[in-house]
Amino acid sequence: MNRALPVVRLRVPTDEDAVAWHRIFDDPDVMEFHGGRPAELSVYEELTARQRRHDAEHGFCLWTMLDDSDRVIGFTGAQPWPGEWGPVGEMEIGWRLGREHWGRGYVTAAAQMTLERLRAASVPSVVAMVNARNARSIAVTQRLGMRLAETFVTPASKQQGHCYRLEL
Numbered sequence: 021m022n023r024a025l026p027v028v029r030l031r032v033p034t035d036e037d038a039v040a041w042h043r044i045f046d047d048p049d050v051m052e053f054h055g056g057r058p059a060e061l062s063v064y065e066e067l068t069a070r071q072r073r074h075d076a077e078h079g080f081c082l083w084t085m086l087d088d089s090d091r092v093i094g095f096t097g098a099q100p101w102p103g104e105w106g107p108v109g110e111m112e113i114g115w116r117l118g119r120e121h122w123g124r125g126y127v128t129a130a131a132q133m134t135l136e137r138l139r140a141a142s143v144p145s146v147v148a149m150v151n152a153r154n155a156r157s158i159a160v161t162q163r164l165g166m167r168l169a170e171t172f173v174t175p176a177s178k179q180q181g182h183c184y185r186l187e188l
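Numbered as in this note's numbering, the sequence shown ends at 188 without a single skipped number.
What follows is the structure, encoded as structure tokens:
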């Protein structure tokens with residue numbers, strides 16, 4: 021059954037979004053596939069500042085995701101793969117959503133908007149690097165039309181992951 025996707029809005033992250041991201045990602049369920057524990061506020065302050073620079077330089081970034089009441093609920097967007105292993109030099113699409121908003125279609129709606137913006141910016145393709153146990157994110161990649169390109173083991177955590185690809 022296909023259901024209508026929720027209203028979601030994307031904006032370039034603000035200084036205040038660092039605090040909001042820190043608050044809504046302060047949840048072990050949200051962080052299960054992102055190191056397992058919440059990050060310090062300073063990590064989000066640096067991340068939002070880097071995303072503002074990235075948007076100014078490239079026209080896209082990890083945008084703050086807002087619901088129809090303009091509440092910050094997470095982020096989605098794209099940036100160059102930051103690792104020294106894996107798809108070096110490729111554009112990675114990603115997302116993170118506050119636990120209370122899971123299962124409503126927000127990530128799919130926002131990721132579709134991200135793909136439209138990347139196409140408009142002439143980005144030729146994207147990858148999504150997903151922990152092999154993260155069924156929710158794997159389902160999003162499939163809804164976006166991405167295909168499994170390879171499997172890998174992360175150097176630091178030794179976890180199995182999947183690299184999904186989509187030509188834009």
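Here a beta-carbon is modelled for each residue, glycine too, at the ideal position from N, C-alpha and C.
Please read these numbers as outputs of a predicted model, since none were measured by experiment.
In this structure, L82 sits near Q99, with a CB-CB distance shorter than 8 Å.
Here L117 carries a strand assignment [DSSP, helix/strand/coil]. Look at the region 76–111 and you find these whole runs of beta strand (DSSP E), each 3 residues long or longer: 82–86 and 92–100. With respect to the 8 Å criterion, I113 and A59 are not classified as neighbours on the basis of their beta carbons.
For V50, the secondary structure class from DSSP, reduced to helix, strand or coil, is helix.
CA-to-CA, the gap between H78 and A141 works out to about 8 Å.
In this structure, the alpha-carbon of D75 lies about 31 Å from that of R153.
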